[in-house]
Each structure stands twice: as C-alpha cells, then as structure tokens.
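Reviewing the structure listed below.
4 protein chains.
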Amino acid sequence: MSTGFFGNLTSIPFEGPDSRNPLAFRHYNPEEMVMGKRMEDHLRFAVAYWHSFTWPGGDPFGGQTFERPWFGDTMDKARLKADVAFEMFSLLKAPYFCFHDLDVRPEGDTFAESRKNLETIADHFETRMAETGVKLLWGTANLFSHRRFMAGASTNPDPDVFAYSAATVKACMDVTKRLKGENYVLWGGREGYETLLNTDMGRELDQMGRFLNLVVEYKHKIGFTGTILIEPKPQEPTKHQYDYDVATVYGFLKRYGLENEVRVNIEQGHAILAGHSFEHELATARALGIFGSIDMNRNDYQSGWDTDQFPNNVPEMALAYYQVLLAGGFTTGGTNFDAKLRRQSLDAEDLLIAHIGGMDCCARGLKAAAAMVEDKALSGPLDQRYAGWDKPQAQAMLKGPETLDSIAARVEADGIDPQPRSGRQEYLENIVNRYV
Amino acid sequence: MSTGFFGNLTSIPFEGPDSRNPLAFRHYNPEEMVMGKRMEDHLRFAVAYWHSFTWPGGDPFGGQTFERPWFGDTMDKARLKADVAFEMFSLLKAPYFCFHDLDVRPEGDTFAESRKNLETIADHFETRMAETGVKLLWGTANLFSHRRFMAGASTNPDPDVFAYSAATVKACMDVTKRLKGENYVLWGGREGYETLLNTDMGRELDQMGRFLNLVVEYKHKIGFTGTILIEPKPQEPTKHQYDYDVATVYGFLKRYGLENEVRVNIEQGHAILAGHSFEHELATARALGIFGSIDMNRNDYQSGWDTDQFPNNVPEMALAYYQVLLAGGFTTGGTNFDAKLRRQSLDAEDLLIAHIGGMDCCARGLKAAAAMVEDKALSGPLDQRYAGWDKPQAQAMLKGPETLDSIAARVEADGIDPQPRSGRQEYLENIVNRYV
Amino acid sequence: MSTGFFGNLTSIPFEGPDSRNPLAFRHYNPEEMVMGKRMEDHLRFAVAYWHSFTWPGGDPFGGQTFERPWFGDTMDKARLKADVAFEMFSLLKAPYFCFHDLDVRPEGDTFAESRKNLETIADHFETRMAETGVKLLWGTANLFSHRRFMAGASTNPDPDVFAYSAATVKACMDVTKRLKGENYVLWGGREGYETLLNTDMGRELDQMGRFLNLVVEYKHKIGFTGTILIEPKPQEPTKHQYDYDVATVYGFLKRYGLENEVRVNIEQGHAILAGHSFEHELATARALGIFGSIDMNRNDYQSGWDTDQFPNNVPEMALAYYQVLLAGGFTTGGTNFDAKLRRQSLDAEDLLIAHIGGMDCCARGLKAAAAMVEDKALSGPLDQRYAGWDKPQAQAMLKGPETLDSIAARVEADGIDPQPRSGRQEYLENIVNRYV
Amino acid sequence: MSTGFFGNLTSIPFEGPDSRNPLAFRHYNPEEMVMGKRMEDHLRFAVAYWHSFTWPGGDPFGGQTFERPWFGDTMDKARLKADVAFEMFSLLKAPYFCFHDLDVRPEGDTFAESRKNLETIADHFETRMAETGVKLLWGTANLFSHRRFMAGASTNPDPDVFAYSAATVKACMDVTKRLKGENYVLWGGREGYETLLNTDMGRELDQMGRFLNLVVEYKHKIGFTGTILIEPKPQEPTKHQYDYDVATVYGFLKRYGLENEVRVNIEQGHAILAGHSFEHELATARALGIFGSIDMNRNDYQSGWDTDQFPNNVPEMALAYYQVLLAGGFTTGGTNFDAKLRRQSLDAEDLLIAHIGGMDCCARGLKAAAAMVEDKALSGPLDQRYAGWDKPQAQAMLKGPETLDSIAARVEADGIDPQPRSGRQEYLENIVNRYV
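Protein chains in written order, with this note's numbering: chain L, 1 to 436; chain P, 437 to 872; chain Z, 873 to 1308; chain F, 1309 to 1744.
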C-alpha cells in the first residue's frame, strides 16, 4: 500500500554506529534500554506535518522549489499527502506526528467548510493511525498565515478575529481530542506587534490572557486530558511576540492565573533567536515548573531568522536531554521535529535522511545525558558546590527567621569575609566531553 | 568654594536652540512649563557617581585613560571627589544624584570598616546636599565588583556571600534613608550564571527571591518610604542574568509575591542588549504596572556589550518619554544618566558637555512627547483602531459569559469572516516625525 | 488618464513643515536650492517597482495581504501595473524609478519568451517615461527568485545556470540601455552558500569574478555609459553572501581587476545586517573610491532579517547624506527607495504616505548635512585633530624615506612619549544635534 | 627545578579515551601518526602568555580574581612568571608559546627602558627555551592597552604615536627573530574608530597601509624568515576595527600591495563576533590564498563580546581542522590557544585542565577531519556537484572566448532551461556526524 513516493523502501533499519548506509539508523534503536526505559519512550519522536509535507521550499527571496504530487488545494491531494506522511512516519519508526489544521486540509469558503474539511481528513487520519500505530503528539491551529490574522489572532484590534480564532481553536481541540492527541499547542505567531505606535499592549495582553483561559476552560469541559502548551518565540514574523521566551511566558501565566494549567513547548531555534541557549530555556522551564515538550531543530548561529534546520550537534543535544532528564523526562510531551529540509534538498530521500540524522543525533545526546545522570558526573560536583546551604544558619537566612538586620549584625560580629572558590567550569566542560 | 576642576565656570545657562555655546543648554530649561508641570519636575535628572567620578576609562583591552585628582583610595580623596561631584551637579542644575557604596568610599579592611567609611562620607554628602539643594534619587550597593561576588551575591553557592550582601544592602538602605533617597535600586550584575554546568537555577532563584523579600521587609521595618527598584539586564558580565528584562522581572516578582512592592528601573542600553527597543521595555512595564524609573544612556546598535553612551537621538527620546507620560510620568522615579564618557574624552569640559547634550536631548524628547499627548496625535488613531472592542458582544467575549464553544457557534451562525484593515504604520511614523 | 487607483488625487504638494496634510510634503521641495543645487538634483529619488507594485505582502509565516487589481501573470496586468506605477512616480515627483525584469513582465515558457515580454513592456515604459518625464535610475535582473537559481546564479555548480544568468543580464542591460538607465545593478542574492559542506568557495568566487568581467566587457561593447553597481548584502536568503559588505566587495573587485569599473550601491538595511552603521558603509566606499548609489530604507535594529522599512530617523539620514556630500554627491547614482510597506498597510494611500514620509526624512537629512558641510561644523575639528601629520617628519614616515629602524632610533633619541588628547566625541555629537 | 605552582605534578600523560584522570590527555598524543604526520606536527599547539599568566581575572564589572605569586611590576616577578609559564608549557607538551611585549616585561619609564626590559627577559626566555625545547610560534606587540594608544597606534591622529608604535614593533620583531619565532603577528585592537565624527577613515587606512609596508620592509632587511600575520577582528574594544574579517583584510592587503607578503591569523571568537562561522573564515582565507595560523578559542554564541573560552565542541573543531587540512595544513602557523580561564577558575589546576580539554578537543577534531579527507567523504560529493564545469563549453564561459552575447545566443538557440538538483545538505551533515 506504498504511495511509491519513497520508491521501494520498506524500512529504515537500525544498523549501529559503523553503518555507512545513509538510509539506516546508527544510534536510534527504539528498543534499546536507557536508564531502565525504552529509548523510544524517552525520546517520543514526532514528525511535523507542516515543514515536511506542506512547505513548498520558499523563502523571502524565492518561491517554490519542491515539487510534490500532493501539492494543491483539494481533498484528494490532502488524502494523498496524508498517505505519504503516514508512510514516512512508519518508515522512520516515529511513534508520533503533529499538525496544524491548515497543514492537512484545504481552506474552505467559510469557517464551517474549513472545519468540515478538517473533520473529514481526521477520519482519514484515524484509519491511517490505526493501520500504522502512529499516534498524535499534539494538534494546533494555524492562526498566523491567513491575512485575516495579519494584526493578531486573540490580540487583534478587531474582536471578530478573536471570535474566528476561538472557533478555530475549538475545532482543532475537538479533533485533537478525537485523535487522542497527548497535548494541544498554541504558538502565537501574530500575537505581538509590528509597531508600538498602533498597539495597546496592556489591552492585547488582557485579550490573550482571556483567550488562554477560554481554552483551558474548554479543555476541562470536554474532558481533554492532554496538556495545553504554549510555544515561546521572541519575534518573527512580528517585531515582538508576547510569548517571548520561557521566563516571559511564565510571567504571563502567573498574571492570568494559569501557571498550573499550561506548560511550555520549547524550540531550540526560538531559544537562539531569543538570545538564549536551548539548555537555558529547558533549565528555566524546569526551575519554574512549566516544562512540557520540545520542538527539535537548530538555528544557524549566524542567521537572525528562524532557520529550522535539523539538529546535528551531538554535544548540544546531550546538554538538552540532560535538562529533560533532570526535569523527570517527558510525560505527555515529546521530541517533535519542527525542522525543515533546506530548500535545495529536493529529493524524497532527503526527507528521510534529514530525519534519520536528526533522530540519531538526539539518540546520541540522550545516551550521553543518561550516562551523565547515572554517573552523577555533574550533579555530584553541583551538590558539593552548594553544600554550605545545608547548614542551619544558612537555612535560617533562606527560610527564616533571619532578617536583613540580624544577618548584618552577624556579619559584623563574626567578621565574615567570604573567600571565593573555583567555579571549575573547564573541569566540568571536560567531563561533558568524556560523554559525547 | 569651587574645586577648580571645572576652571572658572560658575553656571551653565539656558540659551535657547540657537545658541552655539557648547557650555549652555539649548533645550533644557528647568522652569519651562510642559503639560502644566515644570520641565525639571518632569525629567527629574540625576547624575551617576560611578561613571562620571569613579570609572578610570578602562575597557577590556586597555587601562586607565582619565587622570583625576581624586583617584585614590583614601577618605580625603573621597571627599574631594564628592566636592567635585556636587559642583558638577550644581553647574548642570541636575536636581538629583545616584551612587553605589563603592563609588563614594574606600573599601575597608573589614565589612564594619567599609560601612563606617560609607557613613562618614554620607555625613559629607549631607553637608553638600544642604548647600546645593541637590537630592538623592537613589542609592544602591555594588555587589558585583569585588572578587567575593564573582559567583553571585544573593545567588552565591556560599551562604556567607549571601550574608555579606545582605549586610551591605542594609548599610546602603540605611544611608539612603538618612539622605532622603527617593528610591533604592538593586542591579543583580552577578545574579546569574557563567555556565549551567555548575549552576542550580531553581535554588538560586529561590535565594534571590528570599533576598528581595528580606529587603522589602527591612524597608517597611525602618519606614523607608522610597520605592524598591530592580534594574533588568540580560547579561554582561554574566552569560545570563536572572533579571533579564522587564517581562522576566515581572514573572520573578509574581513568583515571590512582590509585584506590588517592587518596580523596575529601565535602562536604554540594557533594553537593547536584551533584544528590545527602549520604548518596548517602558511599554511593557506600564502594561504590567511596574514602571518605576529610567537609567538613561544609549547603547551602540552595532556593539554587543554595554556601551553606556550619552543619549543623542531625539526621535528615540521622544518615543521613550511618550511612554513615560502615558505611564503617568515619574512619581519617585526620574531620569538618571547611567552614561559614561568615551574613554578618549579626557577633559573636564567633556564631562559637562556630555551631560548637557544628554539633558538637551531628553528635554527635546519630552517636549515632543508632551505635544503628541496633548494633540492625541497617536492616541486618537489608537482608540479608533480598537473601537470594535467596546461593543457588548466583544465585551462578553473578554469579560464573560462567552465560552469557546458559544463563540464558535456564533462564528458559524453569523458566517463571521473578518476583513483586515490597514495598520497605518507609516502614517503614524510620519505623524511622529512632525513632532521631532 | 488616471488609473483611479489613487482616487482623484492629482498632486502631492509641498506645503512646508507646518502642514498637517498627510498627502503633502513638508520638507521635500524639489526646486529648493541646497549648496547651490536643486534639492531634486541632490537626492535623485527613485521608486522601486518590486516592493511597491509586485510584493504581495507575504512573509515567512503568512501569505498575501495586498489585493491589487494588477496582480496576475499576463501582459495586460503588467501594463496596468506600469500605468499605476508611473502615476505614482508622477504624484510623488520622483524623477526616477528602478526595476528587475521579473517585476515588470510575466515569466515566459522559455527564456526567449521571457526576454520578449520584457522588451514589449519596455515599449510601454518608453511611452510612459516620455509622457511623465520620469527616468530610469537603474535596471537589474532577478537572478534569485526562480528555483533554477536556488544554488546560485553565476556561482551555480551547474554551468547552464551561469549561462542562463548571463543571457538574462544581457537582456536586462539591453533594455536598461534602451531606456537610458543611468546605472545597472547586480545584487547577488543567491551568490553565496547555505553550507560549506557542499561548496567550493574558491571556484565560486572565480565564477563570479568571471561573470562580472563579462558584464563589464559587454557594457563597453554596447556603449552603455551608465555605472555598473554591486549591491552588498551579508546574508539572507543565503547563509553567507559573497558580496558581504562594502569592504568585501572592494577586495573582490581588486581580485578580479574591476575596482575602476564597478562601484557599490549601498543599502541601509544591508549595512545593519552586516553589523555596520549605514554611514560606516558610505564612509568605507568613499575611502576606497567605489561609492556609487544608495538603496534607502531602514532595518529594524532588533530584527535579524531584512525589514526594508521606510526611513524615518532624521538624525541618521543627516549622517548618511553627510557622507554622500563628502563623497562629492551622486553622479550617476541616486536615492532609490528599496523600502516596502508593512504588510498591514493595505490601502493605496499607505503607498503614497510611506514614500512622502521617506522623502521628507531624506530631505531633512540632506539639509542638515549640507549645513554641516557649509559650516565646517565637523570638518573643522577633524582637520585640527590630524594637523600633526602635516609636519615634514610625519610626512617622512608616511611617504618615506623613514623606515622602521630610523623611526625607532628617533623615538629613543628624542624620548618620544606621546600624550593623549581628548577625542571630543560628545562635543561633536552635540554639534550634530544642533543641525537635526 | 619546579616552581611549585603546580604542586608536585611532573607530567601530564596520554592515557587514552577511557581515562577519567582530569590531569591526563585522552586524545592528544603527540606521537600518534595522522595522515602520515605526527599529531604534534599537525596541531603545532602554542600557549598564550597573556591570558594564562598576565590576565588578572577582571571584566568590565569586576576586578582581579586571580592571585598569582608573579603578579607585580618588577623584573623578578617577570622571571618568576616565565618560570611558571615554561613549566606549564612543558607539562602540557605544548611545543610552542606566544607573547606580547607587555605580557613578559614591566613597562619602563621610557621607551628605551621598556625595550631593554624586553631584551633582558628575552635572555631569560632563551635559557628556558633551551632547557625545555619549547619554541616561539609568534611574537607580537601590545599596541592597545596603554592610554597612549587610546585613539589608535598606526592610525592615530598624532604621528608621534605612529612613531612610538613603529619603534615598539621593531623591538618586538628583533626579539622574535632572536628567539627564532616562526611568525610575527599584528592585531590592530585600536586601529579603527569610536565614532566617524572624529575620524578620517581614508587617511587612517593609508597610515595603516604604510605601517604594514614598513614592517614588511624591515622583515626583509633583517632577514626574518617567519610569516607576517594580521589577526582580523570586527570590533571591541573599538566600535569598528579596520581589520574586520578575513575578506576585509584581503582587500586591505590588495590595496597596499601586500597580498603576497602577509597572511592571516584567524581566531574563532573573532569570526563569531564578525557574524561568521570559524570554518567560514578559514575557508575564505584558503580561497583567497592568505591562510596562515589560528588563534584557538571559542566565543559564547549568546554573548556579544570576546569571551575567549577554551574550545569544547568537537564537531566544530572537526570542521575547522578540515579547512586547515584542505589548505595544506600549517606551514609556519599553528594552533595558539588565545583562550582564558573563566574568572571563577581560580586554581592552578584549572589552568592545566582548561588546556588539556582544549588540546584534546582539537586532537579529536583533527582526527575526524583527517579521516574525512582520507575517505573523500565530502570531497567526493563535491567534485560530483561541480562536474558540469569540466565540459569544454563551460570552460569556454569561464576562461573565454565566450562573451555575454555569445552565451545569450546559445541559451536561446539551445533552449537552455536548467533544472535544479538536490544540494544534499542533510546527507552531508550526516556524513560529518559519522566522523565526530
């Protein structure tokens, strides 16, 4: 029942590190046990519909480069696209996929028609999911591509756009629930501004806070048990996006009383654009208790826009999965490849090879991270570094009853004159390099 | 009673826009009424002790360039420095100044000696303040220069550094209160990390939250009526500073229950380093209700470090003061020049000229901003843009009782199909250019 | 003979600085004399076809927002587009326009058909140019949008693409010459690489050098008397573009023996993306003797991609035109608006208003720059600063016969111990602020 | 004859990849043969005097953190410093070192005294070099730290500074020659500007061009057979440094006729600050024929200043040494660690551990690069990609006699319509990941 798009290929085997077969895994072995859990269950890979099957290869200075038999705006093409997609998910042994409404169905003439198209294609998905065993990591709504969203979705100055967006999210949540999606994601690509001159930021934040509360209420109403996730990004396409980074999203959730209801889906590329390392964003989410899922890609360090490349730097992946493991690993979340081929990578094979390389890179990173956790390679020195805080006097400062003046009195009475100790950064960096 | 450092100069007059006298104001006229308030009372200028009187002109690749008679680590030098400083404040008609403990007194051999040196110099300040009428906008403690703080102050792995920092802040708050300072500022220059490998972020945030709570409690205990301000900065000297930007600080305050106790002191250069425009940070603070004060300087747009230059771009200042006016203007806050001479600007005159230029630039910005406010030049179009939200149906979405599904039903029933309207950005930009 | 696109508007008058009419000039007065030359002849404004008439309002995350009656891929639409374009050029009193082949004609099924379409539309242009008096500042070929150019034009690994590009440039040069264009521009949007892994940089540079030599030879062969211009850009769409910035282009021209044949067309936004200020790129071109023309826009300082906004910061424009005047002003070059509306600026009026604002901003900048030149406001202090180099001993070092060891001997013999002098940066910044 | 600074340590052994000894090499094995050459002879490691022995641990917001027994401004301290330095070079088996004059000797009261101090310490170096076998990779002069250089060295507005700089370079070249240095480096840290307002760029470039010509003439005069190297950097401490990047330096060398006399010393961190990848700068130097040597460190990708960290990312090192091998490997050049400890890394051991980690990282990179070269892993696909250029018709375009019009005629005659082929970027990235 192959679509033929990938030729005669029927599987992508795991062949181990020495393989030179570009269509084999060298590190991703779903059944391999890592810290007592199958590698597949750690990584929970998902493939993204949008980049791999919908994006035509355009960039701001050039148009379509890919020529795919499923390009076109009909239900038949949508079904063909789905068939190829599920074939690829299976070939890659990816247990999950993710999609926006716009990725999978033609736009209708009315909202109702768009919704029905989505529901029809969801029927098709159900069949393919049953056949292949592939599951839905998360669904989401595209509230940024159509011109109606040009000035925002929930933050639009026009309340009709807020309404249209609400209806769209409802439809997508309904489908996500039906397909047993494990999360529902909101990326506010147009929730921000182009210029402060025409923007009332306070008002728009309130609109966005209300919108998210409506989403959470609806989740509970329909009994959707997945996690609601916000995906931070600092800018692009907007000059400024309100969900700038993890710390900003945290403040937003606190402001609108949602910090226990919503978590974050962190993308490597968005972290870089926000001026952070990927592991920083992961560590921040962990520290603030809102870590949810990851969008895996990489951003070119020399480019100021979202390059969404497949990850290829193992040491960076090791540090990322180290944070994931410290956060307790994924619960409903997973590793979604929000990564796209370079627009010159025209061949069907390129799609497979890119995912294989990315999955192998993540698998190597995970294994290195797990070894560091098991060896307490970094946590041992860390505990030592903060050991002074275990003492009663230190705890009294931290938990009370000490006050600023009681501490000050003690400093003078005891002649406290703290002496610095080495932070041992290079030592720790060398340790990491033993594992990667 | 001139120190002679500025030669025979006895005043810097306001001479109006046509003056070519480099030692005269062309725009800053303290008594001029702007929106019914004296210009001085709008701008509330302060001069920073550190850059103007303490910084020797060094940079990461070169040492001291300035040769000042007060350089040296004795109380006599500290008094001479104060005398020159107050002479400059007076010449500039700056109503305020700001300082760190380290700027104004020699470091003692013990904490107690350092504290006493600070208190002694504060006596001297009291005399000079009484003579000149110059007031204290804010005091602060330097918890970043000495090697004891290299791994953080309140966030240090060593609780003794936390204690030392607490004692230092207490001493500085005491002096600030005595000198009738109108605010107390905390800039966490070392509260962050160099590498996540040796850092427990969650623990350090808790330490920092506790520290700030101790400060607020002490403020109330001693009856200090000024505002506690945090000054955000994304990085430098650390790789990452926890008080990254305004939105991050807001989340931090919410997390530790301090959003009604603490406000932000926003620096132009720090905004730029965080990837934001200055007016963005101001608008964010306004939207979140935590706007306090500003550190005025400018960062070079092509440099990735804190350049702390004097402001010189009037259109940017107009947009900044526009946000300040929309926030209701300064209450306890003000415009502190956290700006330093270029290290090649060796002459006494350079110090004056830099401040004159910066003050004139702010004054022009303020006047333009005030005119825009009075003309409703931007707020008129803004109100129009969001007018749709005044309708009951829109309010029902925003305030209830609408829900996601009731909205969705209405979208389908009414066939809602929102049509975009021009955002008119260029029109608004041209309007601003009529005022600057 | 109005197209009706701009309603009944028949002219955009100059009304002076106090006008509040959004459809009037406040500063651009073509006939006003500046340093003995008409303002129009200084600024030599051109309007760009691509952004204003061809770009549909898309960005990487969203599609078309503009709805223009001339969108569509037929010759009739192309003629309508031209009619609206020339109407706008006339309304704006812009003496020039600029275009790519792709902007003005439908793509044909073959190269020959594309070429013929171009020639046909050029006939139409000739008529409109004669009617309106609008002239062609420069023509250029789009060698980046079509998928055939995805891996480069002259630098493509496939020599057929080199050939196709050569044929395209020839056709565009022919038309440019016929339309009496005053320059011919090459922007190498795809002349660079996505990854070094598949790139032979040395080979590609040689291809590009050869291509430019072919262009220059052809120019002389056909007697085209305009200037050949290269437009530097550091990246985007490519990861790296070989024409990175002015200094890089200079090295390239020297390498291929073209430094006396080719000059640069400098874009503000590209300067910013390359990590430079606009005036830096202008000053560099002046110092290296290759200044040609400018593409006027502005890049958002917080965005890492080409935002191509209309300029609105007068102080920056003053510094830019100051460099242009120091370079002797434009000869064949001019001020081309390579600026586009924000994608939310949907209305016909927005197109006019954006250009009016940009032209006014340039006019203010020019006037300020001219006043600084006439007053020797900056050049006076500059001459003083370097005055030491006029002395014979200094000239002997610079021109000979001094050598390293003769100089060293003199340093020891004379006990030379140079003392630094103030660079007076703030003083000079204040001077500039007197003019803007 | 140990100084005792490193305790009782007498050697740092190579123990292989499985070693957990932080004071052993796991990958750097000087004698191991790589592509038929000893690893030591490939890598040619040098240790930098300045960061490791002279830098006190300060940053723009904090002072000295390191406490070294040799800190102080006397000849005795200078000798102690040298003794510790040579002890470390030996422990690390680093065959080379590098230094500035300022690193190794106290500043004298006059130029002559400074020169004599340098010559005296050079005597001491000669002894230590003879004892240890450590050689000098390069010498250089510090023309940026002292206040006399604040406005430039050769580009100073004051010709006396030019003279002083010339004398300094002469003295350093003399010592470098005496110590059999294999290169002489110029880094123009102050050769640039803070503001264009006080800068005559054309004049300053001419001064710098003349200076470099004087240096080259002197090299030949004294028979120094090493290579003259320029080290590019885009900015910091200056706003703009004239030796911005490799391509800029190339243009500069061409302008002043020195492209066959001078090569580049490329620093990873400077590449990053200039907006380039390290391998880009290496590839550019190779393409332009001016590759010389490397300064090995890494810049934090999220920091906008020179962080000079020790390298730790093996995949990046592999791509870097791949370029070095393609360039034919080092001739006089080498791998100098222009890397400094983090200022919190206080212990003697940290100095060793940082270098060990960096050297191991380079060794792994070299081995991976060599394997890629030997397998033609990347060069094979590359040759295939450009194979079309081998055809006579392609060569006729590239070398002649084809012209723009003859090519155009052929395009039309043959109906050339080039079809894009996959660039296979992900495939190639996966290949690289097989080697690292």
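Glycine included, each C-beta is placed from N, C-alpha and C at the ideal position.
None of these values were measured; they are calculated from a predicted model.
Close Cβ partners of Ile-121 (chain L) (< 6 Å) along its chain, the five nearest in sequence each way excluded:
Here Ile-121 (chain L) has Ala-78, Val-104, Arg-105 as same chain residues with Cβ atoms under 6 Å from its own Cβ, once five neighbours each way along the sequence are excluded.
CB of Leu-1270 (chain Z) to nearest heavy atom of the ligand MG: below 6 Å?
Within the structure as shown, the ligand MG is missing, as the structure has no ligands at all.
Hey, is Lys-606 (chain P)'s beta-carbon within less than 7 Å of any beta-carbon in chain L?
Yes, contact with chain L.
Is Ser-303 (chain L) buried or exposed, if buried means 16 or more other CB atoms sit within 10 Å of its CB?
Buried.
Could you say if the stretch 34 to 47 of chain L and the stretch 119 to 133 of chain L meet the contact criterion of at least three C-beta pairs nearer than 8 Å?
A contact between stretches requires three or more CB pairs, one per stretch, nearer than 8 Å, and the stretch 34 to 47 of chain L fails this requirement with the stretch 119 to 133 of chain L.
Beta-carbon separation of Ala-784 (chain P) and Val-872 (chain P) under 7 Å?
For Ala-784 (chain P) and Val-872 (chain P), no; Cβs fall outside 7 Å.
When Cβ atoms are compared, which residues of the stretch 742 to 754 of chain P fall closer than 9 Å to chain Z?
Contact residues of the stretch 742 to 754 of chain P toward chain Z are Gln-745, Phe-746, Asn-748, Asn-749, Val-750, Pro-751, Glu-752 (C-beta to C-beta distance below 9 Å).
Ser-447 (chain P): buried (16+ other C-beta within 10 angstroms of its C-beta) or exposed?
The residue is exposed, with fewer than 16 neighbouring Cβ atoms inside 10 Å.
Residues from the stretch 583 to 598 of chain P in contact with chain L, defined by Cβ distance under 9 Å:
Taking 9 Å as the upper bound on Cβ-Cβ separation, chain L lies near residues Arg-583, Arg-584, Phe-585, Met-586, Ala-587, Asn-592, Pro-593, Asp-594, Pro-595, Asp-596, Val-597, Phe-598 of the stretch 583 to 598 of chain P.
Rounding to the nearest angstrom, what Cα-Cα distance links Leu-952 (chain Z) and Trp-942 (chain Z) in this structure?
Taking the straight line joining both Cα atoms gives about 6 Å.
Report yes if the C-beta distance between Asn-142 (chain L) and Leu-102 (chain L) is below 7 Å; otherwise report no.
Cβ distance < 7 Å, so Asn-142 (chain L) and Leu-102 (chain L) count as in contact.
Measuring CB to CB, does Glu-862 (chain P) end up less than 7 Å from Asp-1222 (chain Z)?
Yes, these two residues count as a Cβ contact at 7 Å.
Using a C-beta cutoff of 7 Å, does Tyr-242 (chain L) count as contacting chain F?
No, because no Cβ of chain F sits closer than 7 Å to the Cβ of Tyr-242 (chain L).
Tell me the DSSP secondary structure of Glu-630 (chain P) in three-state form.
In the three-state scheme derived from DSSP, where H, G and I count as helix and E and B as strand, Glu-630 (chain P) is classed as coil.
In the structure shown, what three-state DSSP assignment does Lys-1588 (chain F) receive?
The question names Lys, but residue 1588 (chain F) in the sequence shown is His. Helix, per DSSP.
Got a sec? Which residues, its chain only, sit under 7 Å from Phe-1394 (chain F) by beta carbon, not counting five neighbours each side?
Only Arg-1436, Thr-1440, Val-1442 meet the Cβ criterion.
I want to see whether chain P comes within less than 7 Å of Phe-1369 (chain F), judged by CB atoms only; does it?
At least one chain P Cβ lies under 7 Å of Phe-1369 (chain F).
Cutting at 7 Å between CB atoms, please list the residues of its own chain near Ser-1477 (chain F), excluding the five before and the five after it.
First, the residue type needs correcting, since residue 1477 (chain F) is Val and not Ser in the sequence shown. These residues qualify, in order along the chain: Ala-1449, Val-1523.
Going by beta carbon distance, what residues of the same chain come within less than 8 Å of His-1268 (chain Z), once the five residues before and after it are set aside?
Strictly speaking, residue 1268 (chain Z) in this sequence is Ala, with His absent from that position. Answer for Ala-1268 (chain Z): Glu-1274, listed in chain order.
Do Met-1080 (chain Z) and Ser-1037 (chain Z) count as a contact pair if the criterion is CB distance below 7 Å?
7 Å or more divides the Cβ of Ser-1037 (chain Z) from the Cβ of Met-1080 (chain Z).
Which of the three DSSP states, helix, strand or coil, is assigned to Ser-165 (chain L)?
In the structure shown, Ser-165 (chain L) sits in a helix (DSSP, three-state: H, G or I).
How would you call Tyr-301 (chain L), buried or exposed, if buried means at least 16 neighbouring beta carbons within 10 angstroms?
Classification for Tyr-301 (chain L): exposed.
Integer-rounded CB distance, given that Ala-1582 (chain F) should sit under 8 Å from Asp-1553 (chain F)
Right, their Cβ atoms sit about 4 Å apart.
Just reading off the beta strand (DSSP E) that Arg-699 (chain P) is part of, what are its end residues?
Note, Arg-699 (chain P): beta strand (DSSP E), 698 to 703.
Could you tell me the alpha carbon to alpha carbon distance between Ile-730 (chain P) and Phe-961 (chain Z), rounded to whole angstroms?
Their backbone Cα atoms lie some 45 Å apart in a straight line.
Spatial neighbours of Pro-1339 (chain Z) within its chain, please: CB distance less than 7 Å, with the 5 preceding and 5 following residues excluded, ordered by chain position.
There is no way to answer for residue 1339 (chain Z), as the model of chain Z reaches only from 873 to 1308.
With distances taken from CA atoms, which of F:Ala-1390, F:Ser-1730, F:Pro-1540, F:His-1454 is nearest Phe-1419 (chain F)?
Residue F:His-1454 holds the alpha-carbon nearest to the alpha-carbon of Phe-1419 (chain F) among F:Ala-1390, F:Ser-1730, F:Pro-1540, F:His-1454.
For Tyr-250 (chain L) and chain P, any beta-carbon pair shorter than 7 Å?
True, the Cβ-Cβ gap to chain P drops below 7 Å.
Can you have a look at Thr-225 (chain L) and say buried or exposed, based on whether 16 or more other CB atoms are within 10 angstroms of its CB?
By the neighbour-count rule (16 or more Cβ atoms within 10 Å), Thr-225 (chain L) is not buried but exposed.
Please report the straight-line C-alpha distance between Glu-695 (chain P) and Lys-835 (chain P), rounded to a whole angstrom.
C-alpha separation (whole angstroms): 23 Å.
Quick one: is Leu-573 (chain P) near chain Z, going by C-beta distance under 7 Å?
It does not: the Cβ of Leu-573 (chain P) has no partner Cβ on chain Z nearer than 7 Å.
Please decide whether Arg-971 (chain Z) counts as near chain L, where near means a Cβ-Cβ distance under 7 Å.
First, the residue type needs correcting, since residue 971 (chain Z) is Phe and not Arg in the sequence shown. So, not an interface residue.
For Pro-496 (chain P), tell me which candidate among P:Thr-743, P:Cys-797, P:Thr-767, P:Ala-845 has the shortest Cα-Cα distance.
Looking only at P:Thr-743, P:Cys-797, P:Thr-767, P:Ala-845, the smallest Cα-Cα distance to Pro-496 (chain P) is reached by P:Thr-743.
Excluding the 5 residues preceding and the 5 following Pro-453 (chain P) in the sequence, name in chain order all residues of the same chain whose CB lies nearer than 7 Å to its CB.
Its chain contains Arg-462, His-463 as the residues whose beta carbon lies nearer than 7 Å to that of Pro-453 (chain P), once the 5 sequence neighbours on both sides are disregarded; these appear in chain order.
How many angstroms separate the CA atom of Gln-384 (chain L) from the CA atom of Thr-1311 (chain F)?
So the two alpha carbons sit approximately 30 Å from each other.
Return helix, strand or coil for His-1142 (chain Z), following the three-state DSSP convention.
Here His-1142 (chain Z) sits in helix by DSSP.
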